[in-house]
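Okay, structure first, notes after.
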Amino acid sequence: MRSSIRARLTAAAAAAGLILGGLAPSGPVVAADPLVLRAGTDQDLQVLNPFNSILVVDFEVFTLNYDLLVNFGPDLEPTPGFADQWSVSDDGLTWTFRIREGMKWSDGTPATSEDARYTYQLALDADAKSQASADGYYLGAGYLEPYLLNAGVTAVSAPDPRTLVVETSFASTLLLQAYVPILPKHIWSKYTLDDIANVSATPFLNEPPVVGTGPYQAVEWKPGEFIRFTRNPNYWGPQGAADEVIILTFDNADTMVQALKTGELDYVRGVQPAQFDALKTEPNIVTVAGVSNGFSEIAFNTKGNTEGYGGSTSALTDPGFRDALGWAVDQAKLVEVTLGGYGTPGDSIVPPFHTRWYTRPDNPRSFNLDEANRRLDAAGYTRGTDGRRLDKEGQPIVLRVTWPSSEAENETNAQFIKEWWGQVGIGVDAYVTEEGKLLEDVVPPVAGGPANFDVQLWGWVGDPDPTSLLNVLRTEEIGSFSDSFWSNARYDELFLQQRAEADTAKRFDMIKEMQNLAYDEAPYIVMYYDAELHAYRTDKFAGWRSQPSEGGTPLFGYGSGGYTVLTDVNAVPTPGPTDVTAPTAGSSPTPSGTGGGGDSLPLILGAGGLVVIVAVAIILLRRRPAAAEDE
Amino acid sequence: MRGGYVLRRLGVAGATIVAIVLFNFVLFRLMPGSPERILLRGVPNVSAERLEATRQRWGLNDPVLPIVIDDGGPRLALENQLFKYLAATVGGDLGFSFVARGQEVTDVLAQRLWPTLLLFGLGELVAIVLGLALGAYSGWRRGGPIDYLGNGVSLFLYATPYFLLGMVLLLLGAAVGLPTFGMLTAGAVYADVWARLGDLGAHLVLPLATVSLGLVGQYAIVMRSSIMETLSEDYVTTARAMGLPDGRILRAHALPNALLPTVSLIAINLGYVIAGAVTVEVVFNWPGLGTLTVDALTARDYPVLQGVFLLLSITVVLGNLVADLVYGLLDPRVRT
Numbered sequence: 013m014r015s016s017i018r019a020r021l022t023a024a025a026a027a028a029g030l031i032l033g034g035l036a037p038s039g040p041v042v043a044a045d046p047l048v049l050r051a052g053t054d055q056d057l058q059v060l061n062p063f064n065s066i067l068v069v070d071f072e073v074f075t076l077n078y079d080l081l082v083n084f085g086p087d088l089e090p091t092p093g094f095a096d097q098w099s100v101s102d103d104g105l106t107w108t109f110r111i112r113e114g115m116k117w118s119d120g121t122p123a124t125s126e127d128a129r130y131t132y133q134l135a136l137d138a139d140a141k142s143q144a145s146a147d148g149y150y151l152g153a154g155y156l157e158p159y160l161l162n163a164g165v166t167a168v169s170a171p172d173p174r175t176l177v178v179e180t181s182f183a184s185t186l187l188l189q190a191y192v193p194i195l196p197k198h199i200w201s202k203y204t205l206d207d208i209a210n211v212s213a214t215p216f217l218n219e220p221p222v223v224g225t226g227p228y229q230a231v232e233w234k235p236g237e238f239i240r241f242t243r244n245p246n247y248w249g250p251q252g253a254a255d256e257v258i259i260l261t262f263d264n265a266d267t268m269v270q271a272l273k274t275g276e277l278d279y280v281r282g283v284q285p286a287q288f289d290a291l292k293t294e295p296n297i298v299t300v301a302g303v304s305n306g307f308s309e310i311a312f313n314t315k316g317n318t319e320g321y322g323g324s325t326s327a328l329t330d331p332g333f334r335d336a337l338g339w340a341v342d343q344a345k346l347v348e349v350t351l352g353g354y355g356t357p358g359d360s361i362v363p364p365f366h367t368r369w370y371t372r373p374d375n376p377r378s379f380n381l382d383e384a385n386r387r388l389d390a391a392g393y394t395r396g397t398d399g400r401r402l403d404k405e406g407q408p409i410v411l412r413v414t415w416p417s418s419e420a421e422n423e424t425n426a427q428f429i430k431e432w433w434g435q436v437g438i439g440v441d442a443y444v445t446e447e448g449k450l451l452e453d454v455v456p457p458v459a460g461g462p463a464n465f466d467v468q469l470w471g472w473v474g475d476p477d478p479t480s481l482l483n484v485l486r487t488e489e490i491g492s493f494s495d496s497f498w499s500n501a502r503y504d505e506l507f508l509q510q511r512a513e514a515d516t517a518k519r520f521d522m523i524k525e526m527q528n529l530a531y532d533e534a535p536y537i538v539m540y541y542d543a544e545l546h547a548y549r550t551d552k553f554a555g556w557r558s559q560p561s562e563g564g565t566p567l568f569g570y571g572s573g574g575y576t577v578l579t580d581v582n583a584v585p586t587p588g589p590t591d592v593t594a595p596t597a598g599s600s601p602t603p604s605g606t607g608g609g610g611d612s613l614p615l616i617l618g619a620g621g622l623v624v625i626v627a628v629a630i631i632l633l634r635r636r637p638a639a640a641e642d643e
Numbered sequence: 039m040r041g042g043y044v045l046r047r048l049g050v051a052g053a054t055i056v057a058i059v060l061f062n063f064v065l066f067r068l069m070p071g072s073p074e075r076i077l078l079r080g081v082p083n084v085s086a087e088r089l090e091a092t093r094q095r096w097g098l099n100d101p102v103l104p105i106v107i108d109d110g111g112p113r114l115a116l117e118n119q120l121f122k123y124l125a126a127t128v129g130g131d132l133g134f135s136f137v138a139r140g141q142e143v144t145d146v147l148a149q150r151l152w153p154t155l156l157l158f159g160l161g162e163l164v165a166i167v168l169g170l171a172l173g174a175y176s177g178w179r180r181g182g183p184i185d186y187l188g189n190g191v192s193l194f195l196y197a198t199p200y201f202l203l204g205m206v207l208l209l210l211g212a213a214v215g216l217p218t219f220g221m222l223t224a225g226a227v228y229a230d231v232w233a234r235l236g237d238l239g240a241h242l243v244l245p246l247a248t249v250s251l252g253l254v255g256q257y258a259i260v261m262r263s264s265i266m267e268t269l270s271e272d273y274v275t276t277a278r279a280m281g282l283p284d285g286r287i288l289r290a291h292a293l294p295n296a297l298l299p300t301v302s303l304i305a306i307n308l309g310y311v312i313a314g315a316v317t318v319e320v321v322f323n324w325p326g327l328g329t330l331t332v333d334a335l336t337a338r339d340y341p342v343l344q345g346v347f348l349l350l351s352i353t354v355v356l357g358n359l360v361a362d363l364v365y366g367l368l369d370p371r372v373r374t
């Protein structure tokens, strides 16, 4: 018996040897290792057609593939992109862009002003269709064409291959901040507007390999796993050191951070506060707590229980009431508890990210329950017998405070708000609402909805220009973006003026007045501006540059500049423009990963794992018939 | 008799699957918020016309059930959501993913199925072999050092949640340079198929160890008590009295009988392969059905969730069916 078992084991070992023998010679996996930049994110890339972009990673991917007509510089200032020069007529209505000379698409086709004209015309065509249907037509998610429409673009033409002329209906510098990728006409014009707008049954998905003029082109996409880019051999600008860029999706932030520590990743976005603190002491790792371009707010249904609106009390319509509640919100506490200290207490609807536009309110509120009580008393909200305040109709005020299921952190915020407002005599009924349901609940009667809420906790994310954030509170947006239904004629007037104002100082004054109006009347009480927690390694790539330089992050910002400035830490000479070659011809034999002998160990262990499995399977299979025989 | 037993089991399994398919239909219509809103989430200015167009495109304007009750009393509606859903499901059409725009749910599932099968198939195999061997040996040498150690370790592993085990192994694996996430090195170019297999093997070590260790405990525990029970049977005493060697008694007499309870445990466990996938796959970013489920949940990709739910229920039902059939095969008393 014993001997026969040993014989079986030997047979299994021989089989294992065979497998190992097959594996061993192929130790070096890759012939010439390209230098790969691997970036991890907690977001799952959803689309490659830029018009369908919603998530940060969606935008990050299209700005690697494509240029904007005018790109975003290190401090978000307009910087040459698809066009290398531009000028505006004296009346400010006609813009002339000079397209880069000799530029080519990544497939070798010349890139001309006709491509830019074609792309901008798509947005105008969609808008024309939208106007004609009197009901709306959008390019995909509808996030991109407003950049042109808000800049007042009415017509585009390409009089010659290097000139693009854009006509606008009002003077504005917003055109230089248009987040619209210039697409290759020779590829996209094969598809109808409906295909591109994602409304046809056969939408254009823009599958890899993607053709663009950006520094890196998507060549492989495994949804839910990663997207891989290779260097664009025809890129017009300075090339980054990375031969390839891979953006990977992680469901588990712990795993992602661990992979950064082991060197399997070079960059991570979406780090949790506790992990962030732990990373600070790791060697060769730099942590960045950037300011996010957005805010989280307490939004009131400022129409209250007006005819057709589903608010529970008329008090919601009173700016004095909302202002008083603002004194009963401790923003610093929310930052400390909800964000683990990584964030900034909120005030203005223009976040401090916009260093050129953000201002602190002229009459700031602080956390002061006595002051809140005093203001509620003064505004005439007397307390009932049970200590609860009554509205002007004599009904006890109980506000329904809700938040979308996608934003779990608001549960913590809601608990604090309930506590604070309770102390000033305002009842709070706090509960979560499924996001799809809440999206319906906040639709006002003018768009056929119930406006069925009192207070909701949600957030907005902005653009390099504050216009889109300011836009949310306009009267005209009631039925579209506005989820507070606040209406202020002066604010609306200023919005149009600032949009058309080319003088930065004058525009600043207008935007400042708007910030103050919104703060004082408090349709929103901004809770905080959360931090963007990123981290990166310094032992493979150097030259990391934050955008904006004050309070920004190196990647996942605006544009591809963060990638092209990177240099190879291990390169002997600095990679000059002569090193620029086709993506597969790796320049320097840089060991990627943890380095040294570490590369072969996992291979051997993996092979060992396989061998054990196969051996066990063989034993198992052999044993069965033997047992059967005995029976 | 045997045919009757098989038919009965098949019938029960079939009826369960039909019930699941119907439940799937109802469940996703109980979701808060109307489907067209969910379809268009992220789209800022949703117009009434666009909502209507979306309703048309996704067939949401049809009555839900085949029977409509209106002013004219109850009447039959052949164009209804239930019939369309049933016809599509039977035809293998599970609809389109909201997220991976234009991609069919069946394609999405197919891409993610085999990594899960690979990981959990191998994991089950390793756990079965190790667990049964350990259990059998512990039971056979009851009270010995292996028994004490094995039983203790089994209980410990059985009680440890997958994600905890996974995180510990991840930290250990990272320390020795094992890949900690994914199935293959993203973007790697392989010299040949062996290099590719080697990379796969290296990536497989940690998640496979997690799955196997997570399962091995319960198999060992069940096998141990089963063997101990068998050893007290009369026929074992008889075999001993006849002078048969110990090894032969164990393999020829005790083991086949002791395997019965473990067979059903294994078969049922096989059904839970996908359900168990979620935590392990998320820890190691394994591109299988588990991570797909989490992604679909966070993105509210209802068609994909529906597909995963269906697949999961069917595997559980099939796992039970296999357990019943194998049990019947091994134990003639069950067949009657």
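Those protein sequence lines, which keep their order, are chains A and B.
Last residue of the first sequence: number 643 in this note's numbering, and the count goes up by one each step with no gaps.
Last residue of the second sequence: number 374 in this note's numbering, and the count goes up by one each step with no gaps.
Glycine included, every Cβ here is placed at the ideal spot set by N, Cα and C.
- Close CB contacts of methionine 266 of chain B within its chain, under the 7 angstroms cut and outside five residues either way in sequence, are with Gly177 and Arg180 (chain order).
- Per DSSP, tyrosine 536 of chain A is one residue of the beta strand (DSSP E) stretching across 536-549.
- Here alanine 311 of chain A carries a strand assignment [DSSP, helix/strand/coil].
- Chain A has a Cβ within less than 8 angstroms of the Cβ of valine 320 of chain B.
- The residue among B:Leu193, B:Leu242 and B:Lys122 with its C-alpha nearest the C-alpha of glutamate 319 of chain B is B:Leu242.
- For threonine 218 of chain B, the closest Cβ of chain A is nearer than 8 angstroms.
- Here tryptophan 433 of chain A really is in contact with valine 440 of chain A; their C-beta atoms are around 5 angstroms apart, less than 8 angstroms.
- By the beta-carbon neighbour count (other beta carbons within 10 angstroms, threshold 16), tyrosine 273 of chain B is exposed.
- In this structure, leucine 60 of chain A lies near valine 222 of chain A, with their beta-carbon atoms less than 8 angstroms apart.
- Excluding the 5 residues flanking it on each side, leucine 238 of chain B has same chain C-beta neighbours closer than 8 angstroms at Met221 and Leu222, in chain order.
- At a C-beta separation below 8 angstroms, asparagine 264 of chain A has these neighbours in chain B: Val320, Val321 and Asn323.
- Tryptophan 233 of chain A has A:Ile239 as its beta-bridge partners, per DSSP.
- With three or more CB-CB distances shorter than 8 angstroms, the region 167-183 of chain A counts as touching the region 499-517 of chain A.
- Looking at the backbone, the Cα of glutamine 97 of chain A and that of tryptophan 200 of chain A are separated by about 25 angstroms.
- If you ignore the 5 residues before and after glycine 355 of chain A, its C-beta comes within less than 7 angstroms of the C-beta of Val347, Tyr540, Tyr541, Asp542 and Ala543, all in its own chain and listed in chain order.
- With its beta carbon at least 8 angstroms from every one in chain B, threonine 329 of chain A lies outside the interface.
- At a Cβ-Cβ threshold of 8 angstroms, alanine 311 of chain A and proline 535 of chain A count as neighbours.
- A straight-line Cα-Cα distance of about 18 angstroms links valine 458 of chain A and serine 145 of chain A.
- Assignment of proline 373 of chain A by DSSP, reduced to helix, strand and coil, places it in the coil class.
- Judged by beta-carbon spacing, phenylalanine 219 of chain B lies within the 8 angstroms limit of asparagine 323 of chain B, meaning their Cβ atoms are closer than that value.
- Taking 8 angstroms as the CB threshold, aspartate 278 of chain A stays off the interface with chain B.
- Note on glutamate 219 of chain A: under 16 other CB atoms within 10 angstroms of its CB, so exposed under the neighbour-count rule.
- Taking a Cβ-Cβ cut-off of 7 angstroms, the neighbours of aspartate 56 of chain A in chain B comprise Asp333 and Ala337, given in sequence order.
- Contact residues of the region 235-246 of chain A toward chain B are Pro235, Gly236, Glu237, Phe238 and Arg240 (C-beta to C-beta distance below 8 angstroms).
- Distance from the CA atom of proline 462 of chain A to the CA atom of arginine 281 of chain A, rounded to whole angstroms, is 38 angstroms.
- Check the Cα spacing between threonine 274 of chain A and each of A:Gly252, A:Arg50, A:Glu562 and A:Arg401: the tightest is with A:Arg50.
- Take glycine 93 of chain A, set aside five residues on each side of it, and the residues of its chain with a beta-carbon closer than 7 angstroms to its own are Asp79, Leu80, Leu81, Val82 and Asn83, in chain order.
- Assigned with DSSP and collapsed to three states, lysine 116 of chain A falls in strand.
- With contacts defined as CB atoms closer than 8 angstroms, leucine 330 of chain B and valine 346 of chain B qualify as a contacting pair.
- Following the DSSP letters along the chain, one finds glutamine 143 of chain A inside the alpha helix (DSSP H) bounded by residues 125-145.
- Contact between the region 317-332 of chain A and the region 404-423 of chain A is established, with three or more Cβ pairs separated by less than 8 angstroms.
- Serine 302 of chain B sits close to alanine 361 of chain B, with the two beta carbons spaced by under 8 angstroms.
- Within its own chain, the residues whose Cβ lies closer than 8 angstroms to the Cβ of alanine 170 of chain A, once the five positions on either side in sequence are excluded, are Thr124, Ser125, Glu126, Ala128, Arg129, Leu176 and Val177, listed in chain order.
- In this structure, B:Ile304 is the residue among B:Ile304, B:Asp284 and B:Gly215 with its C-alpha nearest to the C-alpha of tyrosine 257 of chain B.
- Counting only unbroken stretches of 4 or more residues, the alpha helix (DSSP H) elements lying wholly within the region 274-360 of chain A are 285-291, 331-338 and 343-350, in sequence order.
- Among the residues of the region 351-364 of chain A, none has a Cβ less than 9 angstroms away from any Cβ of chain B.
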